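The opening position of the sequence shown corresponds to residue 1 in UniProt numbering, with each subsequent residue numbered one higher.
Read through the structure below, which is laid out as structure tokens, and then see the notes.
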Amino acid sequence: MKRSLTFCLLLAACNTPSQGYWGADKMQFTEGGMRFTAYRKGNLIEVLRTSPEVLPTFPQVALRAVPGVERLTGCKAVWAEGDQALMEMGLSCDGAKAPKRKRRPKTLYCDIVTGPARDGVTYGDMRCETG
1 MKRSLTFCLL LAACNTPSQG YWGADKMQFT EGGMRFTAYR KGNLIEVLRT SPEVLPTFPQ
61 VALRAVPGVE RLTGCKAVWA EGDQALMEMG LSCDGAKAPK RKRRPKTLYC DIVTGPARDG
121 VTYGDMRCET G
């Protein structure tokens with residue numbers, strides 16, 4: 001029983017806004033066969049893809065989410081960032097400028113380069129770059 005309740009609570013959390021959007025206006029829409037839930041606070045909107053898809057890319061999802069957001073809000077989506085499950089968009093409404101993108105920490109991408117093995121231990125190096 002405890003496991004079932006925990007599982008249900010975890011599933012319910014998949015369709016909730018992030019902390020910055022708690023209390024925001026909730027909207028739901030379907031565009032291009034994908035279902036979305038959006039939370040709007042002023043000229044920022046957080047969009048969650050709620051329909052199951054097999055390995056969609058961010059561009060595929062954004063190309064469906066943007067027209068739906070623009071139709072719902074009557075504003076123009078100026079920028080979008082995030083991933084295939086959750087994205088944030090800046091809106092330009094009534095000719096006003098869209099808010100600037102939030103500063104986010106850079107991502108560090110590393111490749112592991114293995115070296116020779118000695119005494120059962122493989123030695124190597126990491127080569128990293130920011131993205």
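Idealized CB from N, CA, C, for every residue including glycine.
Predicted, not measured: the structure shown is a model, and the values here were computed from it.
| Check | Outcome |
| --- | --- |
| Counted within 10 angstroms of its Cβ, other Cβ atoms place leucine 10 as buried (16 or more) or exposed | Any reading at leucine 10 needs caution, since the residue's pLDDT is 43, under 50, leaving its predicted position unreliable; the model's value is listed next. By the neighbour-count rule (16 or more Cβ atoms within 10 Å), leucine 10 is not buried but exposed. |
| Span of the beta strand (DSSP E), counted from its first residue to its last, around alanine 62 | That residue, alanine 62, is in no beta strand (DSSP E); its alpha helix (DSSP H) goes 58 to 73. |
| Where glutamine 28 sits in the DSSP three-state scheme | strand |
| Pick from Arg40, Gln19 and Arg103 that is closest to serine 92, judged by C-alpha positions | Arg40 |
| 7 Å CB neighbourhood of threonine 50 in its chain, flanking five on each side removed | Asn15, Arg35, Phe36 and Thr37 |
| Burial state of glycine 20, where buried means 16 or more other Cβ atoms lie within 10 Å | exposed |
| Start-to-end residues for the beta strand (DSSP E) that takes in tryptophan 79 | 76 to 82 |
| CB contact flag (glutamate 70, arginine 101, <8 Å) | no |
| Three-state secondary structure assigned by DSSP to glycine 90 | strand |
| Spatial neighbours of alanine 85 in its chain, beta-carbon cut-off 6 Å, leaving aside the 5 residues before and after | Arg49 |
| C-alpha distance - glycine 95 paired with aspartate 125, whole-angstrom precision | 52 Å |
| Start and end residues, beta strand (DSSP E) containing valine 54 | No beta strand (DSSP E) contains valine 54, which DSSP labels as neither H nor E. |
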